[in-house]
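Engineer: This structure is in structure tokens; I'll ask about it shortly.
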Amino acid sequence: MHQALRISEILVEIFSHLSHIPLNTSLSRKSLAALARTCKSFCDPAMDQLWSVLDNIGPLLNCVTRIRPMLSPYTVGFRIDDSDLFSQDEAQQFLRHVPRVRSLSVHDSRLLGFLKSDFHIKTCLLPRLLTLSWNVLFHKYRDFISLFLPPTLRHCHLGITPQVHSIVKYVAAHCPVLESLYIVPTCEDFTYMEPDEFSKLSDAVRSCTLQLVELCCPLLDPAGWKYLSNLPTLATLTMNADLQDGVRYDSFASLCGWDDLNVTPFLNLTTLSFRMTHKSGTLTPRIIATLLQLSEFPSLKEFELCFGGMPWKGADSLFHALSRFKAYRTLERITVSFHGPPTVLEHSGNPLLMIRQFFCFTQLRYLRLAVHRPTHLDDALFLEAMSSWPHIESLELQDPYPCTPTLTFRGLFAALRLCPHLHTLQVSVNSVNIDVDREAESFQHPSLQNLHLCSSRIKSAKISNDIALLVFSRLPRVCEVRCECTSGGWSLWAKVNRRLSSLKYTRSRELS
Numbered sequence: 001m002h003q004a005l006r007i008s009e010i011l012v013e014i015f016s017h018l019s020h021i022p023l024n025t026s027l028s029r030k031s032l033a034a035l036a037r038t039c040k041s042f043c044d045p046a047m048d049q050l051w052s053v054l055d056n057i058g059p060l061l062n063c064v065t066r067i068r069p070m071l072s073p074y075t076v077g078f079r080i081d082d083s084d085l086f087s088q089d090e091a092q093q094f095l096r097h098v099p100r101v102r103s104l105s106v107h108d109s110r111l112l113g114f115l116k117s118d119f120h121i122k123t124c125l126l127p128r129l130l131t132l133s134w135n136v137l138f139h140k141y142r143d144f145i146s147l148f149l150p151p152t153l154r155h156c157h158l159g160i161t162p163q164v165h166s167i168v169k170y171v172a173a174h175c176p177v178l179e180s181l182y183i184v185p186t187c188e189d190f191t192y193m194e195p196d197e198f199s200k201l202s203d204a205v206r207s208c209t210l211q212l213v214e215l216c217c218p219l220l221d222p223a224g225w226k227y228l229s230n231l232p233t234l235a236t237l238t239m240n241a242d243l244q245d246g247v248r249y250d251s252f253a254s255l256c257g258w259d260d261l262n263v264t265p266f267l268n269l270t271t272l273s274f275r276m277t278h279k280s281g282t283l284t285p286r287i288i289a290t291l292l293q294l295s296e297f298p299s300l301k302e303f304e305l306c307f308g309g310m311p312w313k314g315a316d317s318l319f320h321a322l323s324r325f326k327a328y329r330t331l332e333r334i335t336v337s338f339h340g341p342p343t344v345l346e347h348s349g350n351p352l353l354m355i356r357q358f359f360c361f362t363q364l365r366y367l368r369l370a371v372h373r374p375t376h377l378d379d380a381l382f383l384e385a386m387s388s389w390p391h392i393e394s395l396e397l398q399d400p401y402p403c404t405p406t407l408t409f410r411g412l413f414a415a416l417r418l419c420p421h422l423h424t425l426q427v428s429v430n431s432v433n434i435d436v437d438r439e440a441e442s443f444q445h446p447s448l449q450n451l452h453l454c455s456s457r458i459k460s461a462k463i464s465n466d467i468a469l470l471v472f473s474r475l476p477r478v479c480e481v482r483c484e485c486t487s488g489g490w491s492l493w494a495k496v497n498r499r500l501s502s503l504k505y506t507r508s509r510e511l512s
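This is the structure:
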């Protein structure tokens with residue numbers, strides 16, 4: 001062994017880099033175990049890495065010789081009775097490696113049966129735990145979470161279960177340095193919450209004296225929202241309205257005084273997300289629109305809306321609220337995803353207004369719109385958009401409708417002159433007729449690397465060659481043009497990329 005490896009500080013530094021390597025594969029874990037057996041110097045650092053992340057408490061229970069056969073994958077439907085409780089010696093076997101655990105997921109309530117009240121440890125089992133994911137559905141095991149809440153805990157993920165508010169209060173009381181708290185649905189059967197549970201959860205969050213940096217939870221009542229707005233450490237907030245029964249949720253929301261909510265500051269919030277990808281009623285988008293209009297967000301950089309199963313009228317109100325968003329001076333990243341019924345989208349209002357409602361965000365660097373409705377982006381509108389976003393680096397406008405686009409290549413390249421930092425672009429372009437003279441203009445974009453032309457269609461092999469030459473001459477950093485089209489249209493786009501590859505190969509040979 002190299003002499004440098006005998007210096008403990010150097011060895012610890014080397015093993016610290018293993019924390020960035022995924023260890024969830026059997027081969028990786030076997031390699032670490034073999035390394036631990038190599039020599040005494042390697043044993044502790046390798047074992048620390050091997051036990052640092054656990055998907056469940058099964059590996060710890062496997063350390064108990066008597067219990068190990070019961071945990072075999074071939075043992076089906078085992079039951080735990082009083083004779084299965086740990087003896088004093090078995091408790092020490094179980095605790096052998098717990099100081100090494102940094103991240104733990106607890107989701108199998110059957111295994112918790114081994115840790116009943118007469119377990120020989122009265123304090124937290126994992127004294128150095130940093131991250132806990134708790135998805136135990138059965139109420140009778142709720143109090144077992146106390147065994148996994150050391151004062152060092154910084155990140156906690158809680159599944160939404162009955163009485164989740166009491167768990168939130170318990171976590172807040174025992175984990176004073178907690179930085180991130182996620183309260184999310186566990187599965188469809190257990191995402192339903194009674195109306196009074198929302199109020200209790202909001203009260204539980206407000207009772208926390210934590211210095212939270214990141215929070216993900218259901219949409220709280222006005223008092224809860226007001227509390228969060230005055231939390232000076234909060235930097236990332238995700239409001240998850242993705243619950244199973246939208247009607248019951250809206251009945252709760254309608255009882256709250258959203259109209260009486262005063263302006264809320266959120267001084268240091270940099271990232272805000274609203275997500276509801278399943279069924280929702282009509283009140284939820286109205287509440288979100290109200291929150292956007294009344295909140296200040298002076299530091300906000302990123303904003304996300306992800307919603308579905310909602311009439312377009314509700315989504316349209318959110319777009320309108322965005323245009324009056326007070327964070328328009330600071331926002332750099334916007335993601336909007338809407339998946340609604342096509343029959344509703346066909347009868348929606350003026351589609352041009354949707355794009356224009358984002359023009360006020362002059363600091364925009366990243367914009368992604370996936371709204372499942374035609375954007376009708378033409379040359380003039382695209383030029384206006386690019387002139388509104390001089391710092392834009394990534395623009396993705398998904399257009400699922402296979403109609404002939406109104407944006408031309410001439411309009412595309414005219415607008416690209418205004419955004420020299422753009423590296424990713426996804427739009428639909430009229431590729432039936434090429435209206436650009438390659439010889440007349442010599443413009444080359446300096447940054448664009450990823451070009452996605454959505455459902456743009458090509459009608460002939462000659463057009464394929466013309467597009468390849470055009471991309472090669474104007475967009476020198478683009479190596480492949482991506483698209484979404486039928487199997488028949490894909491062959492012509494494949495010709496574009498083969499021709500583009502050939503041109504780049506010839507150019508590289510000439511330069512060498």
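Using the UniProt record's numbering, the first residue of the sequence shown is number 1, and each one after it goes up by one.
Backbone N, C-alpha and C fix where the C-beta goes; we use that ideal spot for every residue, glycine too.
Quantities reported herein were computed from a predicted structural model and do not represent experimental measurements.
Going by the beta-carbon positions, is the gap between Glu480 and Asn465 smaller than 7 Å?
Structural biologist: Their beta carbons are not under 7 Å apart, which means Glu480 does not touch Asn465 by this criterion.
Engineer: Around the C-beta of Asn240, are 16 or more other C-beta atoms found within 10 angstroms, so that it is buried, or is it exposed?
Structural biologist: Buried, because 16 or more other Cβ atoms sit within 10 Å of the Cβ of Asn240.
Engineer: Tell me the residue span of the alpha helix (DSSP H) that contains Leu272.
Structural biologist: Taken as a continuous stretch (DSSP letters only), Leu272 belongs to no alpha helix (DSSP H), being part of the beta strand (DSSP E) at Thr271 to Met276.
Engineer: Bridge partners of Ser103, per DSSP?
Structural biologist: Val53 and Thr131.
Engineer: What residue does the alpha helix (DSSP H) around Glu179 start on, and which one ends it?
Structural biologist: Element bounds for Glu179: n/a, residue is neither H nor E.
Engineer: What is the DSSP secondary structure of Leu503, reduced to helix, strand or coil?
Structural biologist: If DSSP states are grouped into helix, strand and coil, Leu503 belongs with the helices.
Engineer: Measure the C-alpha to C-alpha separation of Arg373 and Gln426 and round it to an integer number of angstroms.
Structural biologist: Taking the straight line joining both Cα atoms gives about 15 Å.
Engineer: For Tyr182, which residues from the same chain have a beta carbon less than 6 Å from its beta carbon, with the 5 sequence-adjacent residues on both sides left out?
Structural biologist: His157 and Cys216.
Engineer: Could you pull the start and end residues of the alpha helix (DSSP H) that Phe443 belongs to?
Structural biologist: Counting along the chain, Phe443 falls outside any alpha helix (DSSP H), and DSSP gives it neither H nor E.
Engineer: Using DSSP's beta-bridge definition, name the partner residues of Ala370.
Structural biologist: DSSP lists Ser337 and Gln398 as partners of Ala370.
Engineer: So, are the CB atoms of Ala235 and Thr270 less than 7 Å apart?
Structural biologist: The answer is yes: Cβ separation under 7 Å.
Engineer: Between Ala172 and Cys124, how many whole angstroms is the CB-CB distance? I'm expecting something under 8 Å.
Structural biologist: Wrong, their Cβ atoms sit about 15 Å apart, outside the cutoff.
Engineer: Verify whether the separation of the beta carbon atoms of Leu500 and Ala461 is less than 7 Å.
Structural biologist: No, the pair does not count as a contact, with Cβ atoms beyond the cut-off.
Engineer: So, for His339: in the same chain, excluding its five sequence neighbours on each side, which residues have a beta-carbon less than 7 Å away from its beta-carbon?
Structural biologist: Only Gly308 and His372 meet the Cβ criterion.
Engineer: Please list the segments of the alpha helix (DSSP H) lying wholly inside the stretch 206-235, counting only runs of 4 or more residues, in order along the chain.
Structural biologist: List check, alpha helix (DSSP H) in window: 222-229.
Engineer: From Phe359 to Glu396, what does the alpha carbon distance come to, in whole angstroms?
Structural biologist: Straight-line Cα distance between these residues: approximately 15 Å.
Engineer: What is the DSSP secondary structure of Thr238, counted as helix, strand or coil?
Structural biologist: It is a strand residue.
Engineer: Output the distance between the C-alpha atoms of Tyr227 and Arg324, rounded to the nearest integer angstrom.
Structural biologist: Between Tyr227 and Arg324, the C-alpha separation is close to 23 Å.
Engineer: Quick one, which of Asp89, Leu71 and His97 has its alpha-carbon nearest Leu54's?
Structural biologist: Closest option to Leu54, Cα to Cα, is His97.
Engineer: At which residues does the alpha helix (DSSP H) containing Leu305 begin and terminate?
Structural biologist: No alpha helix (DSSP H) holds Leu305; the beta strand (DSSP E) holding it covers Glu302 to Gly308.
Engineer: Would you kindly work out how many angstroms separate the C-alpha atoms of Ile392 and Leu318, rounded to a whole number?
Structural biologist: Those two C-alpha atoms are separated by around 23 Å.
Engineer: Among the candidates Lys459, Leu470, Trp389 and Leu305, whose CA atom is the shortest distance from the CA of Ala289?
Structural biologist: Ranking the options by Cα distance to Ala289, first place goes to Leu305.
Engineer: Rounding to the nearest angstrom, what Cα-Cα distance links His320 and Ser337 in this structure?
Structural biologist: Going by the C-alpha atoms only, they are around 15 Å apart.
Engineer: Looking only at C-alpha atoms, which of Ser105, Phe114 and His107 sits nearest to Leu61?
Structural biologist: That would be Phe114, whose Cα lies nearest to the Cα of Leu61.
Engineer: Exposed or buried, Thr375, counting other C-beta atoms within 10 Å across all chains shown (16 or more means buried)?
Structural biologist: Per the 10 Å Cβ criterion, buried.
Engineer: Rounding to the nearest angstrom, what Cα-Cα distance links Glu302 and Ala327 in this structure?
Structural biologist: Spanning the two alpha carbons is a distance of roughly 10 Å.
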